[in-house]
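In what follows, a single structure is set out as structure tokens and then discussed.
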Amino acid sequence: MVKTAIFASGNGSNFEHIILDIQNKVVNNFNVALLIVDKENCYALKRAEKLGVKSIFIDPKSFDNKNEYETKIINILKEHNVEFLILAGFMRILGGLLLSEYRNKIINIHPSYLPSFKGSNAIKNAFDSKIDKTGVTIHYVNEELDSGKIIYQEYLTIDKSCTLEDLEEKVHKLEHRIFSRTLDKLFKQ
Ligand code: GAR
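The structure is reproduced here in structure tokens:
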């Protein structure tokens, strides 16, 4: 059983779906020791409370620099014997300390079919570009933004009548369907 921590910054719907899939035994090769957030009032914290998952807000602003912030995170991860980090809507670029401590052990979900539409606002950027398909990518995190080795990705079509809101909903549904299952497969090996 692989011990993970999930990192989130906002809504936390991916976090919740992973936890529900674990609780409902849809997946069984990993567990989530805790949720770490960088935003004090983010909705992911409320979901964690409801789901009975330990959560911690670590305020990046309360540290002098990124190294100190990441040292604090690493200490907490070690206390919980965390082996893998799952980024589920964590809107912060990781620094060298976390990346070297957890090399090839940090996994991110990104709401586009990479390498298209890296960075933030990927769904809107895909929508605005008027292409007929986009997707979701699950990948390892390295020093370059949204460029680590791809673990799994899936396309979805953008119909002509699709609004931005429709597309957001479609992308999130796809994320919720594939994230925990992809992690479970990966951790089984
Ligand atoms: C998800 O769509 C995720 O792919 C995206 O943030 C959303 C978080 O939703 N991540 C990124 O854009 C990372 N660059 P959630 O908080 O409801 O899980």
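Residue numbers (my numbering): 7 to 195. For glycine and all other residues, C-beta sits at the position ideal for the given N, C-alpha and C. Being a predicted model, the structure only gives us computed values, none of them experimental.
- Lys139 is bridged by DSSP to Thr163.
- If you look at Asn37, you'll find it isn't in any alpha helix (DSSP H); it sits in the beta strand (DSSP E) that goes 36-43.
- Note that the C-beta distance between Asp190 and Val33 is below 7 Å.
- 7 Å or more divides the Cβ of Asn110 from the Cβ of His145.
- Comparing C-alpha distances from Asp165 to each of Asn87, Glu174, Ile157, Tyr158 shows the shortest one belongs to Glu174.
- Contact between His182 and Asp152 fails: their C-beta atoms lie close to 20 Å from each other, not under 8 Å.
- Contact between Phe133 and Leu170 holds: CB atoms are separated by about 5 Å, below the 8 Å threshold.
- Close CB contacts of Leu104 within its chain, under the 6 Å cut and outside five residues either way in sequence, are with Glu76 (chain order).
- Within 6 Å of the C-beta of Asn131 there is not a single heavy atom belonging to the ligand GAR.
- For Asn114, the uninterrupted beta strand (DSSP E) segment begins and ends at 112-116.
- In the three-state reduction of the DSSP assignment, Phe193 falls in the helix class, which pools H, G and I.
- Leu162 places its beta carbon 7 Å or farther from that of Thr143.
- Boundaries around Ser106 are those of the alpha helix (DSSP H), 102-107, since no beta strand (DSSP E) includes it.
- Thr10: member of the beta strand (DSSP E) spanning 8-14, first to last residue.
- Relative to the non-hydrogen atoms of the ligand GAR, the Cβ of Pro117 comes within a distance shorter than 6 Å of at least one.
- Using a Cβ distance threshold of 7 Å, Ala11 and Leu83 count as a contacting pair.
- Inclusion of Ala14 and Phe96 in the CB contact set at 7 Å is warranted, their separation being smaller than that value.
- In this structure, Ile64 sits away from Leu91, with a CB-CB distance that is not shorter than 7 Å.
- A direct Cα-to-Cα measurement between Lys124 and Ile137 gives close to 15 Å.
- In the DSSP assignment, Leu91 is bridged to Ala11, Ile112.
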